[in-house]
Amino acid sequence: MINVSKIKKGIVLDHINEGQGYKLFSQLKLDEIEDVVVLLRNIPSRKMGKKDLIKIETDLLLDFTVLGLIDPDITVNIIENGEMVRKIKLQLPEKVTDIMKCKNPRCITNYEKVRHVEFTLSDPQKREYRCEYCDSPTSL
Ligand code: CTP
Ligand code: ZN
């Protein structure tokens, strides 16, 4: 298998469902950061059959709250001094912006350019959020 070296400092997103790595890479806008980033696809995994994985070598602590909504089963590993020091347990975020679009066709956010619309979690079971402008329920 291709050998991708361990990183010294940064973040490893592990256990990404097969085929979802590229989508995640785009959603997190990792093409816009200056740090070293690798996307590995189709890694053999005992638990998952195959999985994708993303490594980011960075000094920054990126905000991954949105991952809890995209896929709560992803493991976020924090690496320091070449060692895994923390695995972050993901949760459904209370508020999200930029990743959702209001499903109400008559909502102002769908006919005018409204930026950074905020959605607030209203039903965790249904993973449902409400639009700050029209209060309509929306899910990802
Ligand atoms: N990793 C890395 N650089 C390091 C340390 C770890 O890139 N310096 C990567 C490992 O390759 C692995 C992930 O971070 O993909 C998690 O590391 P670790 O917890 O040590 O591996 P596992 O025990 O396999 O994790 P899990 O139990 O979550 O499957
Ligand atoms: Zn709305």
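This note's numbering puts the sequence shown at residues 23 to 162. Quick reminder that beta carbons are idealized off the backbone N, C-alpha and C, glycines included.
Unbroken stretches of the alpha helix (DSSP H), 4 residues or longer, contained in the stretch 53 to 140: 89 to 92
The stretch 76 to 84 touching the stretch 24 to 33, judged by at least three CB pairs closer than 8 Å: yes
T131 and Y151 closer than 8 Å at C-beta: no
Cβ-based burial, P66 [other Cβ within 10 Å; buried from 16]: exposed
With 16 other Cβ atoms within 10 Å as the buried cut-off, status of P146: exposed
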